[in-house]
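So the sequences go chain by chain: P, X, D and R. Sequential numbering from 1 applies to the first sequence in our numbering. Sequential numbering from 390 applies to the second sequence in our numbering. Sequential numbering from 779 applies to the third sequence in our numbering. Sequential numbering from 1158 applies to the fourth sequence in our numbering.
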Amino acid sequence: MSDLETFRAETRAWLEENCPPEMRKPMTGEGDACWGGRNWTFQSEAQKVWLERMAAKGWTVPEWPVEYGGGGLSKEEAKVLRDEMKAIKARSPLMSFGIWMLGPALLKFGNEEQKKEHLPKIARGEIRWAQGYSEPNAGSDLASLMTKCEDQDDHYLINGQKVWTSYADEADWIFALVRTDFDAPKHEGISFVLVDMDQPGVTTKPIKLISGKSPFCETFFDDARCEKYNLVGEKNKGWTIAKYLLTHEREMIGGTGTGAMRPMGDIAVQQLGLNDAGQLCDPVLRTDVARAEIDGLAFMATMERVTDEAKSGQGVGANSSMLKYYGTELNKRRFELMMDSSGHDGLEWDQENDVARHWLRTKANSIEGGTSEVQLNIISKRILNLPTA
Amino acid sequence: MSDLETFRAETRAWLEENCPPEMRKPMTGEGDACWGGRNWTFQSEAQKVWLERMAAKGWTVPEWPVEYGGGGLSKEEAKVLRDEMKAIKARSPLMSFGIWMLGPALLKFGNEEQKKEHLPKIARGEIRWAQGYSEPNAGSDLASLMTKCEDQDDHYLINGQKVWTSYADEADWIFALVRTDFDAPKHEGISFVLVDMDQPGVTTKPIKLISGKSPFCETFFDDARCEKYNLVGEKNKGWTIAKYLLTHEREMIGGTGTGAMRPMGDIAVQQLGLNDAGQLCDPVLRTDVARAEIDGLAFMATMERVTDEAKSGQGVGANSSMLKYYGTELNKRRFELMMDSSGHDGLEWDQENDVARHWLRTKANSIEGGTSEVQLNIISKRILNLPTA
Amino acid sequence: MAMVLSEEAGMLKDAAKGFLADSAPVSQLRKLRDTESADGFDRDTWKAMAEMGWTSVLVPEAHGGVEMGHVAAGVIAEEMGRTLTASPFLSTAVMGATALTRFGSEAQKGEWLPRIAGGKAITALAVDEGRKHAPAHVETRAERSGNGFKLNGKKSFVADGHIADMLIVSARTAGGDAEEDGVSLFLVPQDAAGVTIERASMVDSRNSARVILDNVELNADAVLGDVDNGYKPLEAVLDAGRAGLSAEMSGSAQECLEQTVEYLKERKQFGEVIGTYQGLQHRAAHLYSEIELGKSIVLKTLQTLDLAPDHAAMMVSAAKSKMGSVAQLAAQEAIQMHGGIGMTDEYDIGFFIKRVRVAAALFGDTNYHTDKFARLRKY
Amino acid sequence: MAMVLSEEAGMLKDAAKGFLADSAPVSQLRKLRDTESADGFDRDTWKAMAEMGWTSVLVPEAHGGVEMGHVAAGVIAEEMGRTLTASPFLSTAVMGATALTRFGSEAQKGEWLPRIAGGKAITALAVDEGRKHAPAHVETRAERSGNGFKLNGKKSFVADGHIADMLIVSARTAGGDAEEDGVSLFLVPQDAAGVTIERASMVDSRNSARVILDNVELNADAVLGDVDNGYKPLEAVLDAGRAGLSAEMSGSAQECLEQTVEYLKERKQFGEVIGTYQGLQHRAAHLYSEIELGKSIVLKTLQTLDLAPDHAAMMVSAAKSKMGSVAQLAAQEAIQMHGGIGMTDEYDIGFFIKRVRVAAALFGDTNYHTDKFARLRKY
């Protein structure tokens, strides 16, 4: 038996023994997830136990080094773990911007003390992080951000406002892009800082979306304090970290496109039925659904191909922009068709499956994480090498 | 009986008596038309007689003043004449860029001598005109044209090249935009001149299109001579005339969109048949055809509305750009669908109805007379008042 | 007929625009939503509309109306589409008035038309039963009973149902479940015994209801038009409503474009006003063109309803299909071009995408009318 | 299976690209057209292809082939799509080889496969009869006659028909005109008595023929597969061809985009390179994205044909539908962005829009496969 096969057998056995049955049922939404943090209230004993057991093995962050609370697994072992968890439908023990965003940034750009301080707490779900990037006047043009970070000798003083900070009202700390030099060219005066939100100078306000309640907040900094050792990387070099995380985020969002969702055709048949010829009752919708399903297949094949090409070193880096662009536009199309096939029921605001709210929420897909227009600009410049005016 | 009713009765009687029966059959194509000119060979006696009789009444150009060979009719009378000709399916006695383009320009910008000299010959079909605008490096950016026109004291000397000069190989004279000042800003060094093509300095070469033979030519000027009295309007002010004619042309092209053509649905049914449910056999095509037909109805209603609004003084001038844009794009869609419904037969190069050549030819609709992109720029700037970078 | 508004209609348009901007802007709909108004519309605004003659726009002069026709009704609907004014204008002043004027007995006209004209009665059409619009699919039964009929069945997606004084209900008096023959129309007072009306909470925060008919006893004079032959009248009433909805969507689409173009002129990114970007310019110009086409076919359709109402079906379906897809495109582009702020509930543009979705679906969505158009064209 | 080319396939791709660019560029097709070549393809090029093993790419080693599979065949077809090389590669090396390898008797394989592999025999599939692709619609009759069959009927749109040594013909041995059961496949030598083959002049200047079968007498061993059960084999052969055509269109689409992007970088208007205009940039970027999707589904389909050929139908239809529409979009955008010069015959880009139209139509157009996909998905 190869090492990997041994690892698989051991992992399977461990999961079988340690994953509580309640944690093997599909989540019904983000509300079922475990986000951790200082103020977290576990929704069940099973949720708590599952997090603790996984965190103890470092498997909330399987590929992180063991010294920072990770599992120290190789890429191959991590894939085995994912596969085995999937096989028993085990839930993710911890959802976290710390895991998805800050962790990779700290591993790449943080100093040893920062890694030692923050990564284990992320891995164990002790600290919940929010992301502070966008500002009211810095959307697609993120680098024009104006949140001011002043050097006060022994600490930094932060003043300004962030928007679209997900779950900021429940977060403990925030990693944020701030302006440390107002005279430099806009990309060269930005720094990346970590700010404890448990202070009077940081307040949040939830944002209601057209689809209803949302995890998004506005976050205000009024003379907020940031210790100097909480500057990540070099001062005024934060844009490098931002770019790294933006690409990272784009890959995550593009990848969530239309993956494991139930095929639209099946939904439409269930909702509208077939005619005598065995065809969907709405012949116009049938055409649109078929086209969208074909595009969905082609998109999934593209995600596969881009991943495999990247593995074999043939990839085009900027293809994450293509995936983000196409995936989000396709998802919007998909939900327009879902609304079409849901008919009148789908137009009710509080019906069971809530398709209307999901439909409205998809409209942000092509805005958040870099608008479709920004992705097209990136494809145009970085892949097609078209010139700038 | 009102004057107009009297005029209608007289016109009807005159047409009945003077329009030869052969001239009341629909033309099968541009090849059947009478274009006139020095080298014109009439295709039939009827064609000759019909032109002579109409020209004698000034009805080849009904609204032009009588002194320039026109009919001197009012707008209303001219409409009566058109209606009555249509009623007996009378062919147009004369097709002519002189009538459509140069005439209106001379009437507006020409001096008395130029009108007296050129308009009657246009009206009688004695001189056939070509239009010399585009150049190889001046397409959408027409004003960047480089054909040089030098002042030689007693005449102008012209050197350069024009493209897309329709029927230049059969034309007698050409009206052309030339550069008379290379130092001025590009719009301020252009003049509008009339050049006799019957000289060694002017040669033409037909352009073959992807759809096959075309009326388009390249026209070369090598030390071509132009008399000074053949400059129209002021020297270096030719761009004003060009703009006027471009708008005029755009309105003509936009208007030819999808007017009197046979509905696509009928064609598709004839070619593909209906299934047992009475629906077009190709269900996907059915959806596309219905959408295109609906857009066709909406487009025709828009042409009507824009015309009626213009009449009542409510119009938006730049709407001719919208009509040109939408009409040509719709026509391209229409011919894609025609190809779809023609199936394999339509893919043969020399079949009877030649749908493939027509299909290919439509691809130029959105290029000639100002590209779709230029029209969208115009809508954006003149109608929506969006700013320029 | 010239494809321009008459002077009269133009004046009506200006008056409507001014009144609605002042008295019933989007903020009114927002307030009705946020306060969870039981009525779902503003009765004072409705009263003012009646005073201006809007409720009598399709009512004959003989019955107290001003009888201005569908083009005029469309002008009002279009302006309401700009402000998303919630009112039973389409269900009552357009559809109710059309139903009674064209198909009502003298007694029915006398009873209802003056009240409609005066803004004293609200009517609603109860036609749909399933997930999608299918007016021939009628399972609601009307069985002969004594001197009249007994109705049993369920209706859903009844616009303005819960505020209506009278429902126009399609019910089957003969034939199979999906047959056009055998459908009859009934005038059902909302307070008739056995009628249960429940308001549904809709995406657009406008009024919509589910109606249950449980052994509702009606006299024979409750029938609108002829027994068993209600399908054609039903289609005529629906077509009036569909055209009105198309006009409403036209106004919404224009408003979306105009607000978006204004935003493009203001919003700066990368040191430039984003309206200078050709990518956005071309999309805005394309949208403008689509909206112009939509406006044209809507006007043509309204004119056809005035001139030849019995030959309007194909134009109505073309208009509803075209304007439905154009208005949805307009609302989608508006949000995308506004970016994040367009996604917030605080900003008004989201109300447009919601209303346009519902208006596009009501009485047959874009697909329904594209298909119907093809069927009417016999392919 | 990883969605990347194997090293072997990658090398084949480079070799094909180099050979075709040198030996069979678009100018070869132009010359064949302008000289009205009777063959419609270049025999020397074909010979060279055979020598490189392209004709044996799907032939088993036992019959002299290299048996590299559909992914490899697709790589060659894709490169041919870039140069629009006219050759009977798809009809012979892909479809002919698939037909015989998968469904031929030992005797048939022994007779034809070595000749196909060696580039000595050209085959063509004669399936269509009507205006549109409908492989179950077979009116051509094969009646039992003596020891074998007598064929009567007409076939059209037979790619490479007039240069073929052998035709694979679908004919009805039982059943009604549109039934799948009762279709049989026959191997018909082009010189059999009663066979008339007439070349048709096509938009893409490629080979296509009409075939008339007038009392063509065939032995029983001319049947490919089983009598009456030829529809499934026919579909399998068609699917191999459809996938190959999709790969070819992928190459054409990529070439259109690349040439257009180069043009956008050179062409100046209004003092600027037109590639700086965001309107064109966004369209080019969108087209790039569409082509990437097309490439992916084509590769996935070719892999499926290699791994599970009996379960490839849905993927094949998805690929043919998607790539057909993407390639047509690419060719249309290429002409529009080239402007006037793109419309001239002198420029090569027009050859692409023509070929792509025909390739998209051959063996079922985009609509056909969209509909078929929906049918296979049971809606």
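Backbone N, C-alpha and C fix where the C-beta goes; we use that ideal spot for every residue, glycine too.
Give every residue of the same chain whose Cβ lies closer than 7 Å to the Cβ of residue i, excluding the five residues on either side of it in the sequence, and list them in chain order.
i	result
R639/X	S709, S710, K713, G758, G759
T11/P	V80, L81, E84
Q199/P	A224, R225
T861/D	L798, A799, A802, P803, V804
R382/P	A318
M27/P	A33, R91
Does the separation of the CB atoms of residue i and residue j fall below 9 Å?
i	j	result
E1235/R	Q1411/R	yes
Y1434/R	L1414/R	no
A105/P	G132/P	no
P672/X	P283/P	yes
G1175/D	R1020/D	Past the edges of chain D, shown from 779 to 1157, lies residue 1175/D, and the structure says nothing about it.
T870/D	I894/D	yes
L347/P	D982/D	yes
G1253/R	T1297/R	no
G1497/R	G1507/R	no
Give the single residue among the options whose Cα lies nearest to the Cα of residue i.
i	options	result
D154/P	G160/P, N230/P, K89/P	N230/P
L598/X	E693/X, S555/X, T395/X	S555/X
R333/P	R305/P, E304/P, N365/P, D308/P	N365/P
E1392/R	A1229/R, G1221/R, F1260/R	F1260/R
P454/X	T417/X, L669/X, L496/X	L496/X
E958/D	S979/D, E995/D, A970/D, V916/D	V916/D
What residue range is occupied by the uninterrupted beta strand (DSSP E) comprising residue i?
i	result
N930/D	926 to 937
L272/P	Counting along the chain, L272/P falls outside any beta strand (DSSP E), though it belongs to the alpha helix (DSSP H) covering 264 to 272.
Q550/X	544 to 555
N993/D	986 to 997
K25/P	It is not in any beta strand (DSSP E) - K25/P carries neither H nor E in the DSSP assignment.
T608/X	605 to 616
Within a Cβ cutoff of 6 Å, which residues of the same chain sit near residue i, ignoring the five residues on either side of it in sequence?
i	result
S1403/R	V1455, A1476, K1477, M1480
N766/X	none
Grab the span of the alpha helix (DSSP H) containing residue i for me, first residue to last.
i	result
H1443/R	1435 to 1464
P104/P	103 to 109
F724/X	708 to 735
W359/P	355 to 362
M689/X	672 to 700
V61/P	No alpha helix (DSSP H) contains V61/P, which DSSP labels as neither H nor E.
Quick one: what's got a C-beta closer than 8 Å to residue i's C-beta in the same chain, skipping five residues either side?
i	result
Q764/X	R639, S710, M711, K713, Y714
K1457/R	M1160, M1472, A1476
(request) Below 8 Å between beta carbons is the criterion; list the residues of the stretch 339 to 356 of chain P that meet it against any residue of chain D, in chain order. (result) Within the stretch 339 to 356 of chain P, the qualifying residues are M339, D340, S342, G343, H344, D345, L347, E348, W349, D350, A356.
(request) With 9 Å as the limit, tell me which residues of the stretch 1427 to 1438 of chain R have their beta carbon closer than that to any beta carbon of chain P; keep them in chain order. (result) Within the stretch 1427 to 1438 of chain R, the residues whose Cβ lies closer than 9 Å to some Cβ of chain P are E1429, V1430, G1432, T1433, Y1434, Q1435, L1437, Q1438, listed in chain order.
(request) May I ask you to list, following chain order, the residues of the stretch 1140 to 1156 of chain D that have a beta carbon less than 7 Å from some beta carbon of chain P? (result) The residues in question are D1143, N1145, T1148, D1149.
(request) With 7 Å as the limit, tell me which residues of the stretch 1292 to 1315 of chain R have their beta carbon closer than that to any beta carbon of chain P; keep them in chain order. (result) So nothing in the stretch comes that close.
(request) Select from the stretch 270 to 284 of chain P all residues with a C-beta closer than 7 Å to any C-beta belonging to chain D, and list them in chain order. (result) Listed in sequence order: Q271, L272, D282, P283, V284.
(request) Give the residues from the stretch 128 to 159 of chain P that approach chain D closer than 9 Å (Cβ to any Cβ), ordered along the chain. (result) The stretch 128 to 159 of chain P vs chain D, Cβ under 9 Å: S134, P136, N137, A138, G139, S140, D141, A143, S144.
(message) By the 9 Å beta-carbon criterion, what residues does the stretch 1194 to 1227 of chain R contribute toward chain X?
(response) Listed in sequence order: no entries.
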